[in-house]
Every structure is written in C-alpha cells, then in structure tokens.
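Position 809 of the sequence shown, counting from 1, maps to 809 under full-length UniProt numbering, and the rest follow consecutively.
Think of the CB as a built atom: it goes at the ideal place given N, C-alpha and C, for glycine as much as any other residue.
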Amino acid sequence: MFLEIFEIGDEVECAGEVVEMVECGGEVVEMVEGGGEVVQMAHSSCSKYKRPEKDLIDLVFSWTLEDISNEELYKDQVEKIPECFQSTEDYLGSYTLPLIEETRSELFSSMEVLHDAPFAEVISVKESVSHGSFLYELQFDSWRNINSDSGKEAYSPKCGDLFVLPNVVPEIASDLEQCVRTCTFALVMKDMKESNATEDDKLSGYLKFRTSKLVEAKDGMRNSVFAVFLVNMTTKIRIWKALHMSGNLQIIKEVLRPNSTVEEICHFCSLQDDSAWDEQLGRRLSLVLDDSQAIAVRSSLSVAQCNHKSSVKLIWGPPGTGKTKTLSILLYTLLSKSCRTLACAPTNVTVKEVASRVLKLVENPHHMDPGQDGLLCSLGDLLLFGNRNRLEIFDDLEEIFLDYRVDRLVECFAPPNSWKKCFTSMIKFLEDCVAEYRLLENKSVGEAKTSANNVSTPEEVVEHESEAYMSCTSTQLYKIRNECIDALKSLCHSLSHVLPDSMDRSLVRRFCFQSASLIFCTASSSYTLHRVEMDSLNLLVIDEAAQLRECESTIPMQLKGIRHAILIDAGFGRSLFERLSLLGHSKHLLNIQYRMHPKISAFPNGNFYRNQILNAPNVLCKSYQRSYLQGPMFGPYSFICTSDGRDEQDNVAHSRKNMVEVAITLKIVRKLFRAWDGAREKLTIGIISPYAAQVAAIQEKLGHKYEKFEHFAVRVKSIDGFQGGEEDIIIISTVRSNSEGSIGFLSNLQRTNVALTRARRCLWILGDGKTLLRSGSCWSAFVSDAKNRHCLFNAGEDKDLANAALKAKKELDQLDDLLKGDSILFKTAKWKVLFSDNFRKSFMRLKSFQTQKSVINLLLKLSSGWSPKKMDSVCGNSLQLVKQFKVGRLYVISAVDIAKCSSYVQVLKIWDILPLEEMPKLVKRLDSIFSMYTDDFINRCKEKKADGDMDVPVIWEPCNEVARYNTRTEATSGLSVAEFDGRSYLENSKVNESLLLMKFYSLSSGVVSHLLVGSDGRELDLPFEMTDQELEIALFPRSSFILGRSGTGKTTILTMKLFQKEQQHYFSLEGLSEGTCSTSASPKNWMREGLGATNGTNLRQMFVTVSPQLCSSIKNQISNLKSFICGGKLSAENKLLICMTLMIPLRSVASPILSLTYHLIATHLS
C-alpha cells in the first residue's frame, strides 16, 4: 500500500472533505472553508475553561506509554458536566477535558488487546523534502489479523485511523516499552483508491507522524517497522473541532436559555392565518397518524416555519409508539414545503431506516394522501451521505446516496454524452433538419444511436413523433420547430447556471448538496457540511437524540443557517435531550404503542415510562398473540434461566460469550424452523446480545442455513445494531453468569430498554437468573417481575434445551459445572441432589471423558428415582445410610439426607467418587458424622416411598421440627484426631444452617470438637463448607482486611478466627506445637483449662460489629459452644461476654459532629 503527502497550502480531500493544509507555529493544522466563511478555532478569555494549547491529535502524539496507562493523568482536571452553563464558552469548554480523558482511556483499552489488532509491515517510507517532518508516503505489505474474530469485516485502513509504529509485532502494551520506536504514532490523513491497483496495492492513506527521527525515510530500510492499528479518531477529531469552532450559535444559545419554561409559541407566527392549510394538513395527518402523533407533527411544523426566533422542540417517543413513522411523515411534509432540513442520528442503522421510510413516501405519495397521484418532489431533493461500507447501501437507497449520484452525474457530464452535447445536437438537428434527416437515412439506426439519459436523440424524435405531425402544414411545422429551438436554447442557458459543466467530482458533489432539500447523515458525518459551499439549512432534526452524546450534537447544531432543532427519542441517558428534559423543557409524548404484545410492553412501560404508554387496539386483539412453540415457556413473555453457562472472554479481551446460551439459542431457532416449515406465514426472528463475541459465536454456528427461505428470516445483531428494528420473535442472550452478580454494561438502562422493546409477539430472554438478581440493576427487577408473573422457567424443563446445554458442556469439557443442585440437569429432577466439594474435585480429576459421562448418566438416573433391584451393602456402614454405585473401577458414594425448604424433604447427597481401597476410610468418617444424628433423623432418612418403579422423596410438613443432632454426645463417640484422614467430607449446608448472617443451629460437643481441631492440630474442619480462600483467611496469622458483600462469609471467617486464636494461645501456654496430637491438645482439655487457668480478667480478643443483633447472636452462640465443651457447666465468673459501646466523635470545621457506635464483644478466656 502507498501513502502520499501534500505540501503545506495544498488542498487535501479527507474522507470526501476538502481541507487546506497550513503551517501554524511549526504544526500542520487544518483551515476549513465552507459557506463563504472560514471556520477557525475560537477561545474566549472570559471562559473558566481554558482551551488546550495543542490540537487533539497533537496532544495524543505527545503522550508517552506511561501517560496512556495512567488513569490519574486527568483525574483532578475532569469535572462533572453541569446541567446549567453561564455562557457558550463554558458550555463548549466543559466537554474538552472529558473528551481528552475518553480518548486516553479508549487508547489504553486498545493497547490491552494488541495481540488481536490488525498489523502490516512497512516496506517503504518516503519523506517529502518540502513538507516538513510530519508527512510521509508509506508502502505496506498485506494486512494480517484482519479476520481474527469471526463475523467481523476484514480490516482496511480508513481516514482517521491511528497506528502505533513499533519495530516488532507487539502482543501486549508492555512490548512497546522494549521497542526502539516507542510510542510513535501515525494518523491516516487521506484514503484513496486506484482503479488500476490490485487489492494489496490500493492506496491506503496519508499518515502524519509526531516524530521523524525514528523513521528511516528511504526505500531500503535496515530495520523492520510495523504499523499496528489502535483506534479510529475521526469522530473525536470532529467533536474536538466543533467544540472549538466559531460556528452558528443560535441553537446552542437556545439550549442554554436559563428559563426553559417560557412560552414556546411565537407571538408573531400565532397572528398569521394559515387555517386553510392547517385544516387540509390536519385531514391528511388524521388518515395515517393517531392524535398524539398528529399533534407532534403539526407543532413541529409550526416551529420550523417561524423566522422570528430560534427554538428547540422535544418529542418523546417510547418504543413501539410510531416514532419513526411520525418522523418520516414530518420530514416528508417539510420536504413538500421546500424547507431545507438536515436529518441526523447517532448511528448509520437509524439514518438508513429514516431515509428508507421517507423515500417510500416520496415514491408512493398516495400512502400519505390517497388523492395524490404524481410526485410532490423529485428524488434529487433527497440526499444520503456517509461511509458506503458502514451504511451498507443496497439497491433500495442507491438513488439517493451521494456517491452513487455523483458517479451517475459524472458519467452524464462526460463527453461524448454530456448534457450540453445532447442539447447542442438536438438544436443543430432542428436548425438544419433537412440535411440532418438525409444523413440519418444513410446510417443504420444502431450506429446513430447515442445515450443521452433522459434527453431524446434526433432519431428518436423522427421515429416516435413523425406520425403525430403528418397532418400539419409546412407553416405549422416551421412554427413548432422554432418554438422547440427557443425552448431548448433557453433551457440550456438556464441549466448552464445550475449544472456543473465539468467532470470534477468535487463540483458535482457540491451541486448535489446544493440541490437537495432534505439531507440524511450521522451527527458525526454532518461535520462535512461545515466544508460544503451551499445555501443555508433551516432545520435540524435529530432522531435517537438520547443516544447522542451532547458534545457530539454540537457538530450539526453549529451549521450555518440552522435556526430550529427538533430532538426525538425515548429519553434515556445523559444527552442534550435528557438535559433539556431535566431543565423543564416541555416534550411531546407519543403515548400509544403499536408494536409489542401487552405482556411484553408491561415491564418497560412500568419501569421506564411510569405506565404512561397505552396499548393500541391492534396489539390488544386476540389474533395478535401467536403460539409458535408448545408450552408456557414459549409464550409472549418468558425468562429462561440458564445457570450452567460460563461467561468467558474470547480472543478479544473486551468481549464475552456464553456457549451454553449459544447452544440453547440455536436449539430454539431449530425448533421454530421445524414448527414453521411448510407454513406460508412469514416469521422473522431477531437474536440480540450486548456482546460482540456472543453475536459472532451465534452467527458462526448459525451460518447461512436459513438465508434461502423467503418467509423465514433470522437476524443476529448487537443491541446497538438492533436500534430501531423489530421482529416477530426476539431472543435475548444476556451472556453474564457469575457468583458476584457482575454484568458490566448490560446494566445500562438505555441498552436494556432497547433490547426489551424490539419484539412484536414473543420476547424470550436467556440468562442466569441468580447473576442478574445479584446485579442490583434493572435486570434484578426484570427477573423478579418474570417470577411474579409466572413467566420464569428453567431451560432444563424443556428436554431439547437440556440436551443442547449438556452437549455444549461436553464439547467445552465443562461437565463439572453441571454438578450443582440447581443445574439444568437436576433442577427439575424428582430428587434434589447435593454435591460435596470432594466429589467435585474427584470428578474433575477423572481423565476419561467416557467415565465422566457415565457418572453424569448415573446421577441423572438416581435423581429421577431409579434404584437397582439388588444393592450390595457397604462394608463398615453400621447405620445403613451409605450406598455405593459402581462406575468402571470407581464407586459413587451417596446417602439420603433431609433438607428444609418450605417443608422437610428427603434429598440425595453425593459424597465422593473413589476407588474401592479408599472406601473404608470414607465410610468410617461418615459413620462418625452420622453417629451425631438423632434416631428420629436417621429413621426419616431410611423411610421409602414408591411411585411405580421409582423411588420418590418423602416430604414432612414443617410444623414438627426435625432435629438433626443429639443435644449431647458422649465423648467416646468421636474419633481421635489422629484417626481422621484430613479430608473434609462435610455437609453442603445452606446459609441458614451455618454461622453465616447471624443464623445458627445448636451443635453437640462432638460437633464442637470436630469444629475446633483438625487432624494436624491446625486445619479447621467445619460442619459446613468453607472455600479454600475462606480457610486461608481464617488461618492467616497476621492482621487481615476482609472485604465482602453480604452473605459472602465474613462473619463465619471472623468467628473461626476467634476459636483459632484461642487454640493457639493455649498451645503456647502448654508449650505444644500446633501439629501436636495428644490427649491434652483436645478441645475439651484446652478449653476447660483455658477457662480456669488464669485469675483476673485479661482481654485477649475483641469482636467488633455495627449490628447489636449480630453482637447478641454471637455472644449466645459462643457461650453455648463453651457450655457444650464443659458438659453444660460454665461458672458465672468465666462468662465470656463483655459488651461495650464506644462513641467516637469526628470533629471538623466544615461538617457537624459524627457519632459512630461500635458494639464490642470482648472475650476473656483465661
């Protein structure tokens, strides 16, 4: 690839925009000329915001790697954007530093994924002698890593792309620090394409370098240099320049108006009598719009027609209320009144949708006015421009797309078929018609014909018009001929002042902009219009305004001539729309939704729009509901819980995917296709995910399977990509699944609102219900709403979805994830299944996939109620609670237990899977635990209930308490510490059965003994499970700072630390090591001796909590544990609790006294 440069003062075309390169203070800057005025940088000394001395790109080029990675670089300078501003300078200046910080952050993020960035080797660098030290012509070899992520478009350099130039291909940002060419940046200044170049030789762009001494500016380069793509800077550069240009400030002054509630109706306009036109318009609008939509259009038209004052109007159109329809009719009406309008939106998708709607109205005006047959305006009045690849322009919009129109017009203006040549040929023919006619007679028609677009050729006139004038006299023909000649000459003269007489593309582009009355583009692309010489625009309309950053909206607001702005959106997010709403600007609400089934619209209406939206009659009709699949899971509104997936980072570190949700999504689509197959009714399905990696994974698995079917369509896009779209069925894959409740930007209200409002008839959401509930976001409310409305289902309830999830876990080698009682395999089983950590660890150690599969199949059979006809007894199992099941050379060890939910119910507990020789130790260990159980509890575990050939769990009402442990167990019932094998075959108790969150249960002295000492005198062996991290914290010998959310085990850890420290104190007094195994080291001895060994009161430990209830609970629990150890006897003087209240005043000049109350437990155990 080759890169060319321009001299200072040359005009450069950058992304279709002509700029002049000038040198200012040693730096190359752009001076933009458009509309007869030069757009310069503006700075007022009155503003409290000081304009940076450098341009944005120069600032980026000055950063070091340390600067880019330093999150504190601008922390003290970036302030929260205020809601009110004192001046336009303050308003524009307030966005400068946030934009700089956003650029730094985005650049840092891109450097974290350098391993996946497109790169190419620079094979030639040429520096222009007269151009200074910043512009080079570069030649690259082919680009690599251009298709690293499935579903993404192949990379090719574009104007505004920022590169880093190392001498090695970096994998991570730190690799750049080791390069000789550290942090050398390059910016593409121009993008050219040569028609005669091959794909690899196409001109790529003009690169501007911050430094030149590190670049070998010659063909034969001694060292390798690579160009690695980072980010595209185009939008940020445009925003920066909009913030610092002296453009049209009429709209900006309007949005800064301090009193936003003043009367918006212009007094002068209200005196004008347009009643006849208003009445005619009202009749037309009433045919296609409801009352709220018609009022919005009429009030907007009134604003647009006012020439006395500037104004900003807000139209609030929640999803499904016909916002796009209302907007398209508004734009069509403005077009018919020749009001020069710019229609903007944040994204290309939205721009295309609006342009397509208006184009249809122009081509078929009878939809708007049944009595209208002809076109009210020409297609030349409409113009759409932007990046062709990003807009994805096809045949439907080609006729109004700028690049296509320029190509056609250049062809029309080119000799020998230029429009002037056609006029000249026709005039010559008529002036000397006899000679021309003789000439035509001697030539074949095929040789004589030339294409002249819409202007008829002479021979066509002879062929088609001769018969019409056969009856005319010579005098009449002579008169008609002269009239035609005069008309042609007059028309040619008139067109010569309008149409360009050159093939110069820039002149043709300017002509297209000048002749258009309605222009469509993104807000960012509207920066081009600052550079175009054309008549002023009158009106700015911004669709999806709440999604547009306010600083970006300043680009179109400052266009020459703009007097009024109409902002349309659903009203979420910090934007100009939202800020004006908060300041009291009135907004017109479109309050009837026509898209969603009422069960779908209920949640967004209640949670986002305060139940202000009404359902239209069409969605309330019974025929609007469809049953595409059998079962309540696939009704109009469902949340399908998929708790077995993992949200994992893909190769691109900033995107996530969940392959279980991918598998379930594809299975649903296949079920839909089978149900639809052969039906004539059209069915459209949309699959939405917030993560690009998930979208790519679904697209890759889906392939092109359904593209050949005309009436069965499947679209897979991100939430942003579905903006403005709608389908019959929407399937949302939320991806996130973790124990912390972390859902990232999925919590964004705006994105959530978009995702939940795309469906017409069915909305099915896939996600991990527990993760979303813990998130504390609007998704928590959504899951609760689905549960309350009985619309929450588990994927395992559908056999096909369960099999799809199981297959996915097998392919990913993640079968161990299914070993949970609430997994997709066991959640709906007859028997609830509990798994010990030891079983999970043993399962993960199984090397044979076939063995893992066999174990899973056995567990599925057991959970369904299957039991073998003949069961071998387990050696050493005195209580006959333990059962063994052979899988190959291993044995799965299980037992029936009892759990309390809404009632007491038998459950299946899986203890371990191990070889035969290790079973006696486990059975002996389990017997020691079972010996602590009450006889009633054991008898209940042994009870059996049959349902045909299957065993089903026995259920008891909760009115009678089922005690698990004996209140007292004799000392001889427990095993000595030395006999324990050190493996924690422990109960998988629920939180309400453990020491977590102030909820305790009574323990026998044997259990307390087991609680306090392990086999080596050090490791804690608890009657509830602790993670390795919790054990590490509990055993940590020094000061600890423990941070955790509610329910994560903080209280458990701290309680265990109290006992561990007391044990260590006793060992130190007796001269014992922690690993000592002796009679004196038993908990009964050290606890009793410790309680009575020391006279007086010595404070050794203090437990502090802000909760009086927790303080009391821990006091009682510790007292009970001590009593059990001492056989129920604890002297009054050795009561362990001292409660204190400590008041700490915090005094400062600026704030009142703060009082903090701490409830302390002081244990004096000596």
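Here Val-783 is near Gly-767, since their CB atoms are less than 9 Å apart.
Cys-521 is bridged by DSSP to Cys-344. The DSSP-derived three-state label of Ala-186 is strand. Per DSSP, reduced to three states, the secondary structure at Ser-689 is strand. For His-588, the enclosing beta strand (DSSP E) starts and ends at 587-589. With respect to Gly-247, Leu-559 sits close: the two C-beta atoms are nearer than 9 Å. Per DSSP, reduced to three states, the secondary structure at Arg-670 is helical. Using a Cβ-Cβ distance cut-off of 8 Å, the stretch 223-232 and the stretch 100-115 are in contact, since at least three pairs of beta carbons, one from each stretch, lie closer than that value. Per DSSP, the continuous alpha helix (DSSP H) segment holding Ser-506 begins and ends at 505-515. Segment contact: the stretch 688-707 against the stretch 816-830, fewer than three CB-CB distances shorter than 8 Å; contact not assigned.
The C-beta separation of Leu-908 from Gln-852 comes to about 19 Å, leaving the pair out of contact by the 8 Å criterion.
Beta-bridge annotation (DSSP): Glu-137 is paired with Lys-126. In this structure, the straight-line span from the alpha carbon of Gly-703 to that of Ser-311 is close to 50 Å. Nearest to Lys-841 by alpha-carbon distance, out of Leu-540, Asp-650, Ile-913 and Ser-737, is Ile-913. Our two residues, Ser-643 and Arg-736, have alpha carbons roughly 10 Å apart in a direct line. In this structure, the alpha-carbon of Ile-555 lies about 51 Å from that of Asp-817. A distance below 6 Å between beta-carbons, with the five flanking residues on each side excluded, links Lys-126 to the following residues of its chain, in chain order: Glu-137. Beta-bridge partners assigned by DSSP to Pro-915: Leu-890. The C-beta separation of Glu-353 from Thr-324 comes to about 6 Å, placing the pair in contact by the 8 Å criterion.
With respect to Ala-713, His-597 sits apart: the two C-beta atoms are not nearer than 9 Å. Counting the other CB atoms within 10 Å of its CB gives Thr-665 a total of 16 or more, which places it among the buried residues. Beta-bridge analysis with DSSP links Val-498 to no other residue. Counting C-beta atoms within 10 angstroms of its own C-beta, Arg-340 has 16 or more neighbours from the protein chains shown and is therefore classed as buried. Distance between Leu-922 and Phe-885, taken at the CA atoms: about 15 Å. As the crow flies, the alpha-carbon of Tyr-706 is around 23 Å from that of Asp-720.
The criterion of a C-beta distance shorter than 9 Å is satisfied by Leu-746 and Ser-777. About 14 Å separates the beta carbon of Gly-317 from that of Ser-601, a gap too long to meet the 8 Å contact definition.
When DSSP states are grouped into helix, strand and coil, Gly-606 belongs to the helix group. Between Ser-836 and Gln-625, the alpha-carbon positions lie close to 46 Å from each other. Buried is the label assigned to Phe-185, since at least 16 other Cβ atoms lie within 10 Å of its Cβ. Here Phe-826 carries a coil assignment [DSSP, helix/strand/coil]. Secondary structure of Thr-1105 (DSSP, three-state): strand. Annotated as distal: Ile-542 and Ser-524, with beta-carbon spacing of 9 Å or more. Residue state for Thr-934 is assigned as coil, using DSSP reduced to three classes.
Linking Gly-282 to Ser-292 through their CA atoms gives a straight-line distance of about 12 Å. DSSP places Ala-546 in the helix class (H, G or I) of the three-state scheme.
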